[in-house]
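To start, the structure under review is shown below, and the notes come after it.
Number of protein chains: 2
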Amino acid sequence: MDFEIANQTALERMTAARPILKAVQPAHEVVPGMKKNLLMHAGPPIEWDRMSGPMRGAIIGAVLYEGLAKDEAAAVELVEAGEVTFSPCHHHRSVGPMAGVTSWSMMVYEVENVTHGNTAFSNLNEGYGKVLRYGAYASEVLEKLRWINETVGPMLAEALAGSDGLDIRALVAEALHMGDEGHNRNKAGSLIFTRLLAPLIAKVAPDGKTESEVLEFLGANALSVLNPVMAACKAMADAAHGVEGSSMVTTMARNGTDFGIRVSGLGDRWFTAPVAQPDGLYFPGYTSEDAGGDIGDSTITETAGIGAFAMAAAPAIVTFIGGNPQDAINATLEMYEITLGEHPSFSIPFLDFRGSPVGIDIRKVVELGVVPRVNTGIAHKEAGVGQVGAGLVRPPMAIFEEALVAFAERYL
Amino acid sequence: MDFEIANQTALERMTAARPILKAVQPAHEVVPGMKKNLLMHAGPPIEWDRMSGPMRGAIIGAVLYEGLAKDEAAAVELVEAGEVTFSPCHHHRSVGPMAGVTSWSMMVYEVENVTHGNTAFSNLNEGYGKVLRYGAYASEVLEKLRWINETVGPMLAEALAGSDGLDIRALVAEALHMGDEGHNRNKAGSLIFTRLLAPLIAKVAPDGKTESEVLEFLGANALSVLNPVMAACKAMADAAHGVEGSSMVTTMARNGTDFGIRVSGLGDRWFTAPVAQPDGLYFPGYTSEDAGGDIGDSTITETAGIGAFAMAAAPAIVTFIGGNPQDAINATLEMYEITLGEHPSFSIPFLDFRGSPVGIDIRKVVELGVVPRVNTGIAHKEAGVGQVGAGLVRPPMAIFEEALVAFAERYL
Numbered sequence: 016m017d018f019e020i021a022n023q024t025a026l027e028r029m030t031a032a033r034p035i036l037k038a039v040q041p042a043h044e045v046v047p048g049m050k051k052n053l054l055m056h057a058g059p060p061i062e063w064d065r066m067s068g069p070m071r072g073a074i075i076g077a078v079l080y081e082g083l084a085k086d087e088a089a090a091v092e093l094v095e096a097g098e099v100t101f102s103p104c105h106h107h108r109s110v111g112p113m114a115g116v117t118s119w120s121m122m123v124y125e126v127e128n129v130t131h132g133n134t135a136f137s138n139l140n141e142g143y144g145k146v147l148r149y150g151a152y153a154s155e156v157l158e159k160l161r162w163i164n165e166t167v168g169p170m171l172a173e174a175l176a177g178s179d180g181l182d183i184r185a186l187v188a189e190a191l192h193m194g195d196e197g198h199n200r201n202k203a204g205s206l207i208f209t210r211l212l213a214p215l216i217a218k219v220a221p222d223g224k225t226e227s228e229v230l231e232f233l234g235a236n237a238l239s240v241l242n243p244v245m246a247a248c249k250a251m252a253d254a255a256h257g258v259e260g261s262s263m264v265t266t267m268a269r270n271g272t273d274f275g276i277r278v279s280g281l282g283d284r285w286f287t288a289p290v291a292q293p294d295g296l297y298f299p300g301y302t303s304e305d306a307g308g309d310i311g312d313s314t315i316t317e318t319a320g321i322g323a324f325a326m327a328a329a330p331a332i333v334t335f336i337g338g339n340p341q342d343a344i345n346a347t348l349e350m351y352e353i354t355l356g357e358h359p360s361f362s363i364p365f366l367d368f369r370g371s372p373v374g375i376d377i378r379k380v381v382e383l384g385v386v387p388r389v390n391t392g393i394a395h396k397e398a399g400v401g402q403v404g405a406g407l408v409r410p411p412m413a414i415f416e417e418a419l420v421a422f423a424e425r426y427l
Numbered sequence: 016m017d018f019e020i021a022n023q024t025a026l027e028r029m030t031a032a033r034p035i036l037k038a039v040q041p042a043h044e045v046v047p048g049m050k051k052n053l054l055m056h057a058g059p060p061i062e063w064d065r066m067s068g069p070m071r072g073a074i075i076g077a078v079l080y081e082g083l084a085k086d087e088a089a090a091v092e093l094v095e096a097g098e099v100t101f102s103p104c105h106h107h108r109s110v111g112p113m114a115g116v117t118s119w120s121m122m123v124y125e126v127e128n129v130t131h132g133n134t135a136f137s138n139l140n141e142g143y144g145k146v147l148r149y150g151a152y153a154s155e156v157l158e159k160l161r162w163i164n165e166t167v168g169p170m171l172a173e174a175l176a177g178s179d180g181l182d183i184r185a186l187v188a189e190a191l192h193m194g195d196e197g198h199n200r201n202k203a204g205s206l207i208f209t210r211l212l213a214p215l216i217a218k219v220a221p222d223g224k225t226e227s228e229v230l231e232f233l234g235a236n237a238l239s240v241l242n243p244v245m246a247a248c249k250a251m252a253d254a255a256h257g258v259e260g261s262s263m264v265t266t267m268a269r270n271g272t273d274f275g276i277r278v279s280g281l282g283d284r285w286f287t288a289p290v291a292q293p294d295g296l297y298f299p300g301y302t303s304e305d306a307g308g309d310i311g312d313s314t315i316t317e318t319a320g321i322g323a324f325a326m327a328a329a330p331a332i333v334t335f336i337g338g339n340p341q342d343a344i345n346a347t348l349e350m351y352e353i354t355l356g357e358h359p360s361f362s363i364p365f366l367d368f369r370g371s372p373v374g375i376d377i378r379k380v381v382e383l384g385v386v387p388r389v390n391t392g393i394a395h396k397e398a399g400v401g402q403v404g405a406g407l408v409r410p411p412m413a414i415f416e417e418a419l420v421a422f423a424e425r426y427l
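Read top to bottom, the protein sequences are chains A and B. Counting along the first sequence from 1, when you hit position 365 you're at 380 in my numbering, and nothing is skipped either side. Counting along the second sequence from 1, when you hit position 42 you're at 57 in my numbering, and nothing is skipped either side.
Okay, structure coming up:
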């Protein structure tokens with residue numbers, strides 16, 4: 016077995032993938048395996064009794080949103096009675112930021128990797144404040160979610176139907192030249208996204224007032240594009256999964272309790288260990304005491320070579336997550352040590368347009384003792400509160416070691 | 016006379032100015048001194064016989080646009096008969112990119128410096144390709160100009176009327192954190208501009224098709240925001256003009272033949288000398304042989320501390336104007352040598368959020384032998400062609416020396 020060739024094959028598939036945002040549709044119409052009582056969630060598999068506060072909050076919110084229960088107590092009762100099934104987004108070609116909870120009637124972005132033909136999905140971004148993905152589930156959270164899924168979603172669906180789709184790889188490439196890193200900082204990407212959608216929306220909007228509200232929501236939310244970018248990264252990573260002999264990471268995801276990875280040449284097995292606490296900057300009134308454990312599928316961005324891996328493109332992010340601009344450059348430089356190549360489409364101006372580090376090799380991670388860097392939002396540890404900050408976190412080294420042992424057992 | 020206090024006063028006025036885009040209106044309704052047969056142009060005063068090719072082309076185009084003549088020959092005849100009056104935009108509280116030709120019926124942005132109460136104007140940006148500002152005047156150029164002034168302009172006017180105005184200083188500050196320098200690279204700023212306008216336009220657009228076309232035009236043009244940014248810089252610079260004893264530059268402008276500056280403490284006198292040829296990258300099929308002389312009022316951006324002065328914020332610009340990212344950093348560092356301070360609102364992430372160099376001191380320029388750096392578009396030297404590239408240029412040292420002599424005569 017030539018592992019170098021296997022890894023180059025996996026890397027080439029990941030970087031050659033061209034993800035196009037094609038549609039917005041209800042999850043139950045397009046997400047494989049979706050069921051009425053199924054809730055997809057971020058990270059590796061987990062059951063209710065081990066779920067973190069924010070994950071539980073999002074689960075309760077989704078149960079209420081779907082009308083499966085009428086209040087929090089009834090929702091918890093339903094869950095504890097085993098009437099709700101949980102399944103990782105990743106098991107359904109999907110990804111979701113933070114709690115990532117996505118249910119039957121929610122709208123999802125559909126991204127197609129037109130190079131290899133696979134598709135991936137992600138829910139719609141809710142914006143700031145009290146939102147489901149951070150574990151909030153008050154009535155105004157669900158009301159906003161309903162507006163997003165019943166007003167914004169269908170308008171996006173109709174707008175995209177009038178286009179050839181949006182090239183998310185090209186969008187990310189441009190955004191990296193505009194100070195984004197594609198994970199925690201998606202300001203430029205969200206503006207490009209809004210600018211591409213606005214002329215399409217103008218043609219299909221039912222009335223000026225609703226249109227104005229939707230354009231304001233998309234344009235004012237610097238994370239509007241995060242979810243389609245995540246789906247795009249998922250489509251790129253999935254294209255690289257399943258290459259016999261490849262030690263390249265194709266999934267990194269957290270459910271608030273465990274951090275899990277999967278490896279291209281090791282099938283669908285998760286390697287998991289307890290999550291760390293993120294280190295970062297907190298919103299006024301909050302401290303690290305309030306922080307929940309690392310959570311979300313958004314680490315699919317780092318898996319695909321952006322996010323913390325492209326920090327050198329995004330010096331201004333330090334105002335949001337801490338550190339100084341040199342730290343941002345150093346972060347990217349360090350990630351070259353544990354990756355298989357440089358992304359041909361994602362270049363970093365201040366590194367003389369060098370491609371971003373892409374394709375985490377579990378062998379290099381273990382050998383050098385350097386785990387991937389991850390940028391992240393920070394959720395309050397309790398259900399129902401929401402975001403309290405943003406920062407940096409590292410996955411546990413144990414999961415890379417465990418994966419390498421499995422790799423050795425499988426191939427050596 | 017304490018020149019340091021005078022300069023600090025001028026600098027403080029320039030940086031405290033807060034320019035708000037308030038309205039879009041026909042030039043004849045708001046621009047002071049506008050007349051039916053008056054054409055405003057970029058740079059210091061100039062008459063027809065000394066005008067460069069692109070300036071002549073834009074003059075012919077504007078004469079045709081206003082219906083003062085029915086073809087090129089008649090337009091030239093009219094001009095040569097002395098029936099058309101020329102006047103610098105700067106004499107009318109206005110600025111215009113490249114040829115800067117602005118006439119009676121064209122729409123202009125109105126920017127108010129709400130700190131000091133002065134206003135400034137700029138025409139609407141025409142986008143790419145064959146455009147009046149680069150000296151093109153074919154029928155399709157005038158047709159597009161008509162659409163811009165008769166469809167885009169009124170829609171922008173109505174949209175802005177439904178708002179409290181757009182804070183252009185805040186917009187520029189944000190764009191500098193997104194890889195813009197505010198002169199040649201206005202990608203992020205134009206996206207922010209489009210994103211702010213879109214919800215306002217949605218409320219007033221007459222129909223979806225027209226709205227869609229306008230939003231596409233604004234969003235696809237990475238220079239959409241250049242003209243309001245220039246008007247904002249003009250409003251900032253004007254606020255600093257006329258401070259007794261100040262050696263700070265408050266105007267830098269080129270008409271394609273001469274480069275002119277004005278100094279805060281030296282009244283309305285222009286100091287001029289022949290322009291240099293820009294040095295840069297050319298579009299396919301063109302070389303430096305095709306380049307016209309340095310032209311445009313857009314150097315008002317460098318005058319106000321952005322543009323080439325903020326190059327370190329915009330490493331990706333080197334793909335457009337030449338050089339490498341380190342050159343971009345060096346450009347900004349050099350400009351600190353000849354400026355009076357650092358802009359409190361315009362910070363540069365990669366320089367640890369240091370404020371951009373602002374307030375050119377003619378004393379420092381002459382003493383150090385360092386003239387300001389300027390980013391610029393490059394027009395074809397002949398009338399009617401258009402843009403052929405983009406690059407860097409320096410004003411002639413002679414005008415700073417001449418200004419310093421005048422300063423000494425006046426104050427010493």
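Ideal Cβ positions, reconstructed from N, Cα and C, are used throughout, including at glycine.
Contact of S227(A) with chain B by beta-carbon distance below 7 Å involves P214, A217 and K218. Within chain A, the residues whose beta carbon sits less than 7 Å from that of H192(B) are G194 and A331, listed in sequence order. Only T334, N339, P340, Q341, A343 and I344 from the stretch 334-346 of chain A bring a Cβ to less than 9 Å from some Cβ of chain B. The beta carbon of D312(B) is closer than 6 Å to those of A57, C104, V110, G111, G115 and A268 in its chain, skipping five residues each way along the sequence.
Here I207(A) carries a helix assignment [DSSP, helix/strand/coil]. Exclusion of the five residues before and after G234(B) leaves T209 as the residues of its chain whose Cβ lies within less than 6 Å of its Cβ. By the Cβ neighbour-count rule, K159(B) is buried, with 16 or more other Cβ atoms within 10 Å of its own.
I315(A) is not a Cβ neighbour of G180(A), given a cutoff of 7 Å.
Per DSSP, T314(A) lies in no beta strand (DSSP E) segment and is marked neither H nor E. Contacts between E231(A) and chain B, judged by CB atoms closer than 7 Å, involve P214 in chain order. Counting only Cβ-Cβ distances below 7 Å, K202(B) has contacts in chain A at M193, in chain order. Here E173(B) has V219 as same chain residues with Cβ atoms under 7 Å from its own Cβ, once five neighbours each way along the sequence are excluded. Within the stretch 346-370 of chain B, the residues whose Cβ lies closer than 7 Å to any Cβ of chain A are, in chain order, P364, F365 and D367. Separation of L206(A) and D86(B) (C-alpha to C-alpha, rounded to the nearest whole angstrom) is 42 Å.
Chain A places no beta carbon closer than 7 Å to that of T166(B), leaving this residue out of the contacts.
Nearest in C-alpha terms to R184(B), of all of V126(B), R161(B) and E81(B), is V126(B). The beta carbon of G72(A) sits closer than 7 Å to the beta carbons of G150, A151, Y152, A398 and G399 from its chain, once the five residues preceding and following it are set aside; these are given in chain order.
Using a Cβ-Cβ distance cut-off of 8 Å, the stretch 244-255 of chain B and the stretch 27-45 of chain B are in contact, since at least three pairs of beta carbons, one from each stretch, lie closer than that value.
Per the Cβ contact rule, the stretch 257-273 of chain A is not in contact with the stretch 219-231 of chain A (fewer than 3 Cβ pairs under 8 Å). Only exposed fits N339(A), as fewer than 16 other CB atoms lie within 10 angstroms of its CB.
In this structure, V99(A) places its C-beta atom within 7 Å of the C-beta atom of N52(A). DSSP places I353(B) outside any alpha helix (DSSP H), giving it a letter other than H or E.
Minimum Cα-Cα distance from I75(B) among the listed residues L147(B), L212(B), N22(B) and T30(B) corresponds to L147(B). For T314(B), not one C-beta of chain A is nearer than 7 Å to its own C-beta. Against chain A, a Cβ distance below 8 Å from G234(B) picks out R210, L211, A213 and P214. Shortest Cα-Cα distance from I363(B) to any of V333(B), M326(B), G392(B) and A394(B) involves M326(B).
When C-alpha distances from V333(B) are compared across T391(B), V46(B) and D367(B), the shortest belongs to T391(B). Closer than 7 Å to the CB of L206(A) there is at least one CB belonging to chain B. The alpha carbon of L157(B) has as its nearest neighbour, out of L191(B), S120(B) and H131(B), the alpha carbon of S120(B). In this structure the stretch 402-413 of chain B lies against the stretch 270-288 of chain B, because at least three pairs of beta carbons, one per stretch, are closer than 8 Å. In the DSSP assignment, N138(B) falls outside any alpha helix (DSSP H) and within the unbroken beta strand (DSSP E) covering T134 to N138. The beta carbon of R388(A) sits closer than 6 Å to those of A323 and A346, all from its chain and outside the five residues before and after it, given in chain order.
Residues of chain B with a Cβ closer than 9 Å to the Cβ of K224(A) are, in chain order, A217 and K218. Short of 7 Å from the beta carbon of F368(A), and not among the five residues preceding or following it, lie these beta carbons of its own chain, in chain order: S362.
Taking 7 Å as the cut-off, the beta carbon of T130(A) is found no closer than this to the beta carbon of M55(A).
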